[in-house]
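2 protein chains.
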Amino acid sequence: MESTRAKIITAAVRCFRNNPSDTLEKVAEEAGVSRRTLHRYFENRDDLIESCKNEMLVSCNKAMIIAYESDPGPIKKIRNMLFAAIEQGANYAFVKRIYERSNFSDLDRKKEFESDDVKSKWFNLIKDLQKAERINTELTIPWIFNLFGSVIETAIYAVESGDVAKNDSRNFAWISFKGAIGLNE
Amino acid sequence: MESTRAKIITAAVRCFRNNPSDTLEKVAEEAGVSRRTLHRYFENRDDLIESCKNEMLVSCNKAMIIAYESDPGPIKKIRNMLFAAIEQGANYAFVKRIYERSNFSDLDRKKEFESDDVKSKWFNLIKDLQKAERINTELTIPWIFNLFGSVIETAIYAVESGDVAKNDSRNFAWISFKGAIGLNE
DNA sequence: GAAATATGTCTCAAATATGTGACATACTAC
DNA sequence: GTAGTATGTCACATATTTGAGACATATTTC
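Residue numbers (the UniProt record's numbering), protein chains in the order written: chain A, 1 to 185; chain B, 1 to 185.
Structure (structure tokens):
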């Protein structure tokens, strides 16, 4: 059974993702605990958000590292990382939004995130494919990185909104991402 | 010279886009007016947000209709609509986020937006291209629609974050979108 | 089943955000 | 320059959100 702490974090991620100003009352309700209990685990709002960031970052990184290592081929690696991120759903979306919104006080953390193992692995894969002219050489790597995140977010959102069936979504995402960077598998 | 009302709306769009719970104090400051003045133009927070929605919707729709009509060719129409949306920048991003976040009370408006002229024009363009097998037939139209919005948002964000130069951004967006839907120009 | 731990309920104080009135000042039109 | 309009400043009432204490109740552990 999920710990109370974990339940609260899951609830907070769901809430804050839509609306970063949801009240702690609502988060507690969503988690099925009282607000008083929430305060026993998290001193204040910032503490809660900080905890969400950390946990989600760990969760996403772990999933993507596993995906990275699941196949020796660079293209399969990238595909599986895409799938893993989509599978993370709300977790991934939360991290992405948080860093989009990040202000100066978050810059250190952002740098930390950016210099992260997973990201550099991903960068190297793309760099090599571009060097080998397997993908479009007009596009810059930062653009491709942003695009990768967007396609993932689109896939997550498309399912949540009911626009696209869950099974279709990850396939569409891969087809679209491949095409977008000019990759012929 | 921009009217005070317009200044406030512009500021509100910028603020609420990052953080929908920014205080009215901050919006006023961003607009360079006092909070008291803000309240003279907008009864309350809801009134302000409602006004932002309306104005941004009008602004985006107008820009995209002009783009639509700027060229007889369907592909150029789509490309120019993409460019127009990117050009709208914060305006477009605000509208997109608002509707992603929309709850039940917004559903009517959302439907209104969805049945909108611009969207149906866009849908028909894509539908025709797909029927003519000019673009990938595996992908569904709702997916392509979501993707279109994401690519636009990516282009806007990539410039704002400094990752990609402004001139590159819209070209990258078009290259990527074309590729993503399998369009050969 | 007793002790320890976790959670809920009720309560309250402090902080923050909001809406508005009263009046001063700046700007515009004529 | 004067009337009229727009805006700023200050003050204040109200509502909301937050954080925590005191104590009851439930759950776990031994």
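Just so you know, even glycine gets a beta-carbon here, dropped at the ideal spot from N, CA and C.
Starting from residue 150 (chain A), trace the alpha helix (DSSP H) both ways and give me its first and last residue. 141-160
Residue nearest to residue 150 (chain A) in terms of C-alpha spacing, selected from A:162, A:130, A:132, A:89: A:89
I want to see whether chain A comes within less than 7 Å of residue 46 (chain B), judged by CB atoms only; does it? no
Alpha carbon of residue 23 (chain B) to alpha carbon of residue 152 (chain B), nearest angstrom: If you take the alpha carbons of residue 23 (chain B) and residue 152 (chain B), they lie about 28 Å apart.
State the Cα-Cα distance for the pair residue 163 (chain B) and residue 181 (chain A), rounded to the nearest angstrom. 17 Å
Using a Cβ cut-off of 7 Å (strictly closer), state whether residue 123 (chain A) contacts chain B. Residue 123 (chain A) does not count as touching chain B.
Host alpha helix (DSSP H) of residue 179 (chain B) (start-end): First-last of the alpha helix (DSSP H) with residue 179 (chain B): 166-180.
Using a Cβ-Cβ cut-off of 7 Å, state whether residue 42 (chain B) counts as contacting chain A. no
At a threshold of 6 Å, does residue 126 (chain B) count as lining the ligand SAH (C-beta to nearest heavy atom)? In the structure shown, the ligand SAH is absent, as is every other ligand, since no ligand is present at all.
Would residue 56 (chain A) and residue 68 (chain A) qualify as a contact pair, given that the criterion is a beta-carbon distance under 7 Å? no
Is there a C-beta anywhere in chain B that falls below 7 Å from the one on residue 24 (chain A)? no
For the alpha helix (DSSP H) that residue 120 (chain B) lies in, which residues bound it at each end? Its alpha helix (DSSP H) spans residues 117-131.
Members of the segment 140-162 of chain A that neighbour chain B once the beta carbon cut-off is set at 9 Å: 140, 142, 143, 144, 145, 146, 147, 149, 150, 151, 153, 154, 155, 157, 158, 161
Can you pull the chain A neighbours of residue 20 (chain B), defined as C-beta to C-beta under 8 Å? Ordered by position in chain A, the residues that pass the 8 Å Cβ test against residue 20 (chain B) are 19, 20, 21.
Could you tell me the distance, in whole angstroms, from the CA atom of residue 49 (chain B) to the CA atom of residue 142 (chain A)? 33 Å
Of all the CB atoms in chain A, is at least one closer than 7 Å to the CB of residue 6 (chain B)? Look at residue 6 (chain B): its C-beta is not under 7 Å from any C-beta on chain A.
Endpoints, the alpha helix (DSSP H) within which residue 185 (chain A) is located: Careful: residue 185 (chain A) lies outside any alpha helix (DSSP H) and carries neither H nor E.
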